[in-house]
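*Asks:* Take this structure, written in C-alpha cells, and hold onto it; I'll ask about it next.
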Amino acid sequence: MPTDLLDLTEEQREIKNLAREFALQEIAPYIADWDERAHFEPSLVKKMGDLGFLGMLLPEEYDGLGVDTSTYLVALEEIAVVDASAAVMMSVHNSLPTQMILRFGSDEQKKRFLPPMARGEILGAFALSEPESGSDAASLTTQAVRDGDDWILTGTKSWVTSGSHAGAILAMARTDSSSERKGARGIGTFIITPDMPGFHVGKKEDKLGLRSSPTVQLTFDSMRVSAANLLGEPQMGFIYAMQSLENGRLGIAAQSIGIARAALEAATAYAGERIQFGNHIKEFQAIQFKLADMATRIAASRCLMHAAAKAKDRGEDVKQATSMAKLFASETAMFVTNQAVQIFGGYGYVKDYPVERLFRDAKVTEIYEGTSEIQRIVIAREQYAKD
Ligand code: CAA
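What follows is the structure, encoded as C-alpha cells:
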C-alpha cells in the first residue's frame, strides 16, 4: 500500500472510516445515474448532517463536531474519493457559510442558523461571483441600499454551488457606492434565506463535471433583507469573504486529492489486469512512471494541505499556504486524471469506467474558489509581503 504520509489519530481514523462507509453505501451505487441526469439528491444533506459531516468545524454548543481542520479534511477527502459532487457541497457548507457565521455573526445569528446547519436541516451556500465579476471579485455590482431597518438588495449572483437547495446563502453586495469607498471596503455580507420576497433561483448550469452538484444563478429583485441578517460590519463583507476563502481553498484541495486518489486507485487496478504485448501493462515502465508520478503528486498535495491546515489551527497567517495547497492539489487532480485516462486508453474515454467522470470532475478545481492564476497571484504577492 502506498503511504499517505499521514499519521492519523484514532479519532481521525474513525471519522475517515465513517466517511468512507457512508460514501460507499449511500452515494457510490447511484453516482453514474446522478451524473448522467445531473441529479442532486437532497436526502444526502440530512444524512450527512446526521453523521456530523455538515458541522465538522462548528463547536458542540452549535451541534457541531468541533474537530480540527485536518480531521475535517480527512473526512472530506474520503467523500471526494467516491463523489466529488457531494464533496463540494460538504466543502462549501463547512468552509464558507457556517464558518462565516461562526466567525463574524452575532450571537442571535449563530443561535438561529448554526445548529440547523450543523444538523443538515439548512444547507449553506456562498454567493460572491456575478456574471461580470469573477476573478476580480471586488468589482461586484449587486447593490444593498439601506431602507429603515432593512436593506434592499438588487443584483445577480452566478455560479452558486447548492444555491437552488440552500436555506442560508451568504451573499456579498455593495453597501457603499460613494466614490471614496468603492472597491473592497464598500461591500457587506448578508445572510439570505429563500423565503425573502424578490429572491429568485435562475439558470441551472449544464456542466462538464460535478453534475450532481447544482450550480445556479440567483437574482435579487429589490429583495428586502432585515438588518438583523447583515453579517458583522456593513463595509467588511469582502474581507470576510476573502478570509473565509482560505478555508474554502483547503476544502477544494481535499476534494482535488480525493478525485486524484480515485483515479490513481482505478488506474493501478486496471494496469494490474490489462494485458498487452503478452504482459500486464503494469510491467511496462511507461505505465510505472505514470503511476509513480501520480502517487507522488498526491502525497505532496496532501502534505501541503495538512501543513496549511495545522498552521491555520495555530492561528498563523495562511493566505499563501492555503493558496499553495489549492493550486498544487487542483493541478494534481487534473494531471492524475489525465494520466489515468491515458492508462485506460480507449476504455478511459467512455462511461463504462470511472476515470472519464473523474477527468471531467477534476477540471473545475482549477477554476472555482479562485482560478490557478489567482492562486499564483496570491502566492507571489505574499512572497513579497514576507520580504
Ligand atoms: N484575508 C484578509 N484580507 C484579505 C485577504 C485575506 N485572505 N485577501 C485580501 N484581503 C484584503 C486586502 O488586505 C485588502 O484590504 P485593504 O482594502 O485593507 O487593503 C482587500 O482585501 C482587497 O484585497 P486586494 O487589494 O488584494 O484585492 P484585489 O482586488 O487586488 O485582489 C483577489 C483580490 C485575491 C484577486 C480576490 O479578488 C480573489 O481572491 N479573487 C478570486 C475570487 C474567488 O476566489 N472567487 C471564488 C468564488 S466562490 C466559489 O467558487 C465557491 C463555490 O461555490 C465553489
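As numbered in our numbering, residues 416 to 802 make up the sequence shown, in order.
All C-beta atoms, glycine included, are put in the ideal place defined by N, C-alpha and C.
1) Please report how far the alpha carbon of P649 lies from the alpha carbon of T557, in whole angstroms.
2) Our contact map puts L459 next to A501 with C-beta atoms below 8 Å; I'd like the distance itself, whole angstroms only.
3) Can you list, in chain order, the residues of its chain with a C-beta nearer than 7 Å to that of A443? Leave out the 5 residues immediately preceding and following it.
4) Taking G804 as part of the alpha helix (DSSP H), name the residues at either end of that continuous run.
5) Going by DSSP in three states, K766 sits in which element: helix, strand or coil?
6) Would you kindly work out how many angstroms separate the C-alpha atoms of V793 and D767, rounded to a whole number?
7) Does the beta-carbon of E784, which I'm using as the reference point, lie nearer than 7 Å to any heavy atom of the ligand FMN?
8) Should E731 go down as buried or exposed, given a rule of 16 or more other Cβ atoms within 10 Å for buried?
9) Out of H695, Y764, G666, M651, which one is the CA nearest neighbour of S738?
10) Are the segment 667-677 and the segment 741-752 in contact at 8 Å, needing three or more beta carbon pairs?
11) What's the call for R796, buried or exposed, on a 16-neighbour Cβ count within 10 Å?
12) Measuring alpha carbon to alpha carbon, tell me which of A740, K741, A777, R518 ends up nearest V756.
13) Taking its Cβ as the centre, do 16 or more other Cβ atoms sit within 10 Å of S592, making it buried, or is it exposed?
14) Around the C-beta of G598, are 16 or more other C-beta atoms found within 10 angstroms, so that it is buried, or is it exposed?
15) Can you tell me which residues form a DSSP beta bridge with F614?
16) How close, in whole Å, do the beta carbons of A586 and K572 come, if the pair is a contact with beta carbons under 8 Å?
17) Mind checking whether L625 and A722 have CB atoms under 8 Å apart?
18) Counting along the chain, where does the alpha helix (DSSP H) carrying V560 start and finish?
19) Could you work out which residue in A744, H695, E425 is closest to V482 when comparing CA atoms only?
20) List the DSSP bridge partners of R589.
21) In the DSSP output, what is D646 paired with across the bridge?
22) Under three-state DSSP, which class holds H454?
23) H695 bridges to which residues according to DSSP?
24) Considering only the alpha carbon of each residue, which of I494, I446, M471, Y764 lies closest to N432?
25) Does T418 pass the burial test, meaning 16 or more other C-beta atoms within 10 Å, or should it be called exposed?
26) Any heavy atom of the ligand CAA closer than 7 Å to the beta-carbon of D551?
27) What do you get for Y799, buried or exposed, if any count of 16 or more other CB atoms within 10 angstroms of its CB means buried?
28) When every heavy atom of the ligand CAA is checked, does at least one fall within less than 7 Å of the C-beta of L585?
29) Going by the beta-carbon positions, is the gap between R712 and D450 smaller than 8 Å?
30) With DSSP as the reference, label M463 as helix, strand or coil.
31) CA-CA distance, A434 and F635?
32) Report whether the distance from the Cβ of E661 to the nearest heavy atom of the ligand CAA is below 7 Å.
*Replies:* According to the data block:
1) Between P649 and T557, the C-alpha separation is close to 14 Å.
2) Yes, L459 and A501 are in contact; Cβ-Cβ is about 6 Å, under 8 Å.
3) Result list for A443: V497, in chain order.
4) The structure shown has nothing for residue 804, since the chain only spans 416 to 802.
5) Coil.
6) Using only the alpha carbons, I get a separation of about 40 Å.
7) The ligand FMN is not among the ligands present in this structure, which contains only the ligand CAA.
8) It counts as exposed.
9) Residue nearest to S738 within the set H695, Y764, G666, M651 is G666 (criterion: CA-CA distance).
10) The segment 667-677, when compared against the segment 741-752, does touch it at the 8 Å Cβ threshold.
11) Per the 10 Å Cβ criterion, exposed.
12) The option with the nearest alpha carbon to V756 is A777.
13) By the neighbour-count criterion, in which 16 or more other beta carbons inside 10 Å mark a residue as buried, S592 falls on the exposed side.
14) In summary, G598 is exposed, with fewer than 16 beta-carbon neighbours lying within 10 Å of its beta-carbon over all protein chains present.
15) F614 is bridged to F635.
16) The Cβ separation is near 6 Å, so the contact holds.
17) Going by C-beta atoms, L625 is not nearer than 8 Å to A722.
18) Per DSSP, V560 belongs to no alpha helix (DSSP H); it is in the beta strand (DSSP E), 558-562.
19) Residue E425 is the option with its Cα nearest to V482.
20) According to DSSP, R589 bridges with Q558, I602.
21) Just to set this straight, residue 646 is Leu in the shown sequence, not Asp. According to DSSP, which records beta bridges pairwise, L646 is partnered with T604.
22) DSSP, read as helix, strand or coil, puts H454 in coil.
23) Answer is I690, bridged to H695.
24) For N432, the nearest C-alpha among the options comes from I494.
25) With a pLDDT of 49 at T418, under the threshold of 50, the predicted position of this residue should be treated as unreliable, though the coordinate-derived value follows. Classification of T418: exposed, given that the 10 Å Cβ count is below 16.
26) At least one heavy atom of the ligand CAA lies less than 7 Å from the C-beta of D551.
27) Counting Cβ neighbours within 10 Å, Y799 comes out exposed, since fewer than 16 surround it.
28) Not under cutoff, so the answer is no.
29) Judged by beta-carbon spacing, D450 lies beyond the 8 Å limit of R712, meaning their Cβ atoms are not closer than that value.
30) It is helical.
31) One C-alpha to the other measures close to 36 Å.
32) In this structure, the ligand CAA has a non-hydrogen atom nearer than 7 Å to the beta-carbon of E661.
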